[in-house]
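Enquirer: Numbering that gives the first Met the number 0 puts the first residue of the sequence shown at 0, with every later residue one more than the last. Even for Gly, the Cβ is constructed at its ideal location relative to N, Cα and C.
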Amino acid sequence: MGMAASQARFLGLTARKTNVEYEGQQVNQQRTVLSNESAGLFNQMLELQVPTPPSATDYYNTRYVFDSMGEDYSITKFDTTAGSTTGSYNIVIEYSEVERKAYSSVPITQGTPMSFNDKTPSKIYLDGKEYEITPADVTGIDKGNIEIINAAIIANDATRRPEDDTYYKYTINKGETDERTYYISSYDINNANLPSDPSEMYTGGLTQYFAQDATVKKKANATASFDATSDGRFESVKITSVSNEDLNQKLAGKSFDLDLTQVDDTEGYEAAMKDYEYQKMVYERAIQDINARTEIIQQQDRTLELRLKQLDTEQEALKTEMDAVKEVIQKNVESTFKTFA
């Protein structure tokens, strides 16, 4: 290689090395920008307010309560815009009432031993125990259960006419506080695949329904007047009228002594819990967004890091080649200008 060619090659390598160094600086600059973005996301995460679930012990109200024939009532709201300690108030009374709240349809398991008398069930054998099956009394206390069961039947099969159905029942007592009555629909009995021999195993087709009583809290608007002590605390109430007819017959025109008590603010706690669930959802969504953006930044940084390693390798190769060209140039200079040793 001649001196001119060597010089040209060296200049080309120098230019390429300069370009590689410049590109490396650009990559480092981009990584610095990504690092700043990552730090910003981290700071943003630190600034997020972690939601704290409400404590039930923080939610309670002080209420006036009174008793009528063994039943407890509480006054949850006063209309304080009118009246005085001896005047008339609009109030809200909270009370408990037993309702039949739930029903469920449960297929009687295929193979359950049962005994029938002219398609009328008389006994059922469950878990090795025998239970008597009797017609349900729809005129007595079971009427509400039957109405609930009829609603379930209509929901399950719109073609059925519940007024044509009669029901049979059996009761399972699992303990002093766990006694449940189950009802069997005659519609299912008449269409069931019943054994011809009562001693044979029942093979399927019956459905039993379960109705459950539950105590629920209810509220009713009322008007009342109060007597107060000298320090302004109400000590007795006289109910004038109640919007609920049954409650009106029990309370209207009667006076009751009042007591102050602290009761759980269920509505306030539930509202706070709903707000907590919402804030928790917002917080988790923000964390997910930050993590997703951070992952993108990390992927971009890994790509730049790989490019930087490639440039470093190229830089080393250029340096090696430039050293070799320098040696060639040095030899050319010595052979050209050093005529005498």
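(1) Whole angstroms is fine: what's the gap from tyrosine 181's alpha carbon to glutamine 211's?
(2) With a 10 Å radius around its C-beta and 16 neighbouring C-beta atoms as the bar for buried, classify serine 34 as buried or exposed.
(3) Taking the continuous alpha helix (DSSP H) assigned at asparagine 247, which residues delimit it?
(4) Classify glutamine 297 as helix, strand or coil using the three-state DSSP reduction.
(5) So what's arginine 232 in DSSP terms, helix, strand or just coil?
(6) Bridge partners for aspartate 263 per DSSP, in chain order?
(7) List the residues that DSSP assigns as beta-bridge partners of serine 87.
(8) My output table needs one value for methionine 68: the three-state DSSP class, helix, strand or coil.
(9) Determine the contact status of proline 52 and tyrosine 275, defining contact as a CB-CB distance below 8 Å.
(10) Where does isoleucine 286 sit, in a helix, a strand or coil, going by DSSP?
(11) Under a Cβ-count criterion, where at least 16 other Cβ atoms within 10 Å of its own Cβ denotes burial, should isoleucine 153 be classed as buried or exposed?
(12) Can you grab the Cα-Cα spacing for the pair glycine 23 / alanine 316, in whole Å?
(13) Specify, as a first and last residue, the run of the beta strand (DSSP E) that leucine 125 falls within.
(14) So, is alanine 134 buried or exposed, given that buried needs 16 or more other C-beta atoms within 10 angstroms?
(15) Which residues in the same chain as proline 106 place their Cβ atom closer than 7 Å to its Cβ, once the five residues preceding and following it in sequence are excluded?
(16) Would you check if the distance between the CB atom of tyrosine 167 and the CB atom of isoleucine 183 is smaller than 8 Å?
(17) Could you tell me which residues DSSP puts in a beta bridge with tyrosine 268?
(18) Going straight from the alpha carbon of phenylalanine 65 to that of asparagine 189, what length do you get?
(19) Within its chain, find whatever has a CB closer than 8 Å to the CB of threonine 170; leave out the 5 residues flanking it on each side and keep chain order.
(20) For phenylalanine 225, count neighbouring Cβ atoms within 10 angstroms of its own Cβ and tell me buried if that reaches 16, exposed if not.
(21) Using three-state DSSP, classify glutamine 211 as helix, strand or coil.
(22) Compute the minimum distance between the beta carbon of serine 37 and the heavy atoms of the ligand GTP, and state whether it is under 7 Å.
(23) Under 8 Å, do valine 241 and isoleucine 92 count as touching if we go by C-beta distance?
(24) Using beta-carbon positions only, say whether isoleucine 343 and glutamine 6 come within less than 8 Å of one another.
(25) Which term fits valine 332, buried or exposed, when burial requires 16 or more other beta carbons within 10 angstroms of its beta carbon?
(26) Using a Cβ-Cβ cut-off of 7 Å (strictly less than) and excluding sequence neighbours within five positions of aspartate 300, which residues of its own chain qualify?
(27) For the candidate residues Glu98, Ile90 and Leu259, whose alpha-carbon lies nearest to that of glutamate 234?
(28) Compute the Euclidean distance between the alpha carbons of proline 311 and threonine 293, then round it to the nearest angstrom.
(29) Find the nearest neighbour of aspartate 126 within the set Asp322, Gly110, Lys218 and Ala223, judged by alpha-carbon distance.
(30) Is alanine 366 buried or exposed, if buried means 16 or more other CB atoms sit within 10 Å of its CB?
(31) To the nearest angstrom, report how far apart aspartate 141 and threonine 165 are at their CA atoms.
(32) Rounded to a whole number of angstroms, what is the C-alpha to C-alpha distance between methionine 44 and leucine 307?
(33) Taking the alpha-carbon positions, what's the proline 50 to glutamate 283 distance?
(34) Which first and last residues belong to the beta strand (DSSP E) in which glutamate 256 is found?
(35) Compare the C-alpha of lysine 325 against each of Thr56, Tyr72 and Phe9 and name the closest.
(36) Verify whether the separation of the beta carbon atoms of alanine 251 and isoleucine 238 is less than 8 Å.
Expert: On the basis of the coordinates in this document:
(1) The straight-line gap from Cα to Cα measures roughly 10 Å.
(2) Around the C-beta of serine 34, fewer than 16 other C-beta atoms lie within 10 Å, and the residue is accordingly described as exposed.
(3) For asparagine 247, the enclosing alpha helix (DSSP H) begins and ends at 244–250.
(4) The answer is helix: DSSP assigns glutamine 297 an H, G or I state.
(5) Coil at arginine 232, not helix or strand.
(6) Aspartate 263 pairs with Tyr59.
(7) Serine 87 is bridged to Ser224.
(8) Here methionine 68 sits in coil by DSSP.
(9) Result yes, Cβ atoms of proline 52 and tyrosine 275 sit closer than 8 Å.
(10) Collapsing the DSSP output to three states places isoleucine 286 in a helix.
(11) Isoleucine 153 is exposed by the Cβ-count criterion.
(12) Cα to Cα, glycine 23 sits roughly 15 Å from alanine 316.
(13) Residue range 119–125 is occupied by the beta strand (DSSP E) that includes leucine 125.
(14) According to the sequence shown, residue 134 is proline rather than alanine. Looking at its Cβ environment, which holds fewer than 16 other Cβ atoms inside 10 Å, proline 134 is exposed.
(15) Same-chain partners within the cutoff: Thr206.
(16) The Cβ atoms of tyrosine 167 and isoleucine 183 lie closer than 8 Å to each other.
(17) DSSP lists no bridge partner for tyrosine 268.
(18) Taking the CA atoms as reference points, phenylalanine 65 sits about 53 Å from asparagine 189.
(19) For threonine 170, same chain residues with a beta-carbon under 8 Å away, outside a window of 5 residues either side, are Tyr130, Glu178, Arg179, Thr180 and Tyr181 in chain order.
(20) Around the C-beta of phenylalanine 225, 16 or more other C-beta atoms lie within 10 Å, and the residue is accordingly described as buried.
(21) In this structure, glutamine 211 counts as strand in the three-state DSSP scheme.
(22) Looking for the ligand GTP in the displayed structure turns up nothing, as the structure carries no ligands at all.
(23) Cβ atoms of valine 241 and isoleucine 92: closer than 8 Å.
(24) There is no way to answer for residue 343, as the model of the chain reaches only from 0 to 340.
(25) Exposed, because fewer than 16 other Cβ atoms sit within 10 Å of the Cβ of valine 332.
(26) Arg30 and Leu33, listed in sequence order.
(27) Selected option, being the one with the closest Cα: Leu259.
(28) This sequence places aspartate at residue 311; proline is not what is there. If I take the Cα positions, the gap works out to 26 Å.
(29) Taking only the C-alpha atoms, the option nearest aspartate 126 is Gly110.
(30) An answer regarding residue 366 cannot be provided, because it is not within the stretch 0 to 340 covered by the chain.
(31) If I take the Cα positions, the gap works out to 12 Å.
(32) Rounded to whole angstroms, methionine 44 to leucine 307 spans 30 Å at the Cα level.
(33) Within the model, the alpha-carbon separation for proline 50 versus glutamate 283 is close to 10 Å.
(34) Residue 256 is actually aspartate in this sequence, not glutamate. For aspartate 256, the uninterrupted beta strand (DSSP E) run begins and ends at 254–256, by DSSP.
(35) Among Thr56, Tyr72 and Phe9, the Cα nearest to that of lysine 325 is on Phe9.
(36) In this structure, the beta-carbon distance from alanine 251 to isoleucine 238 falls below 8 Å.
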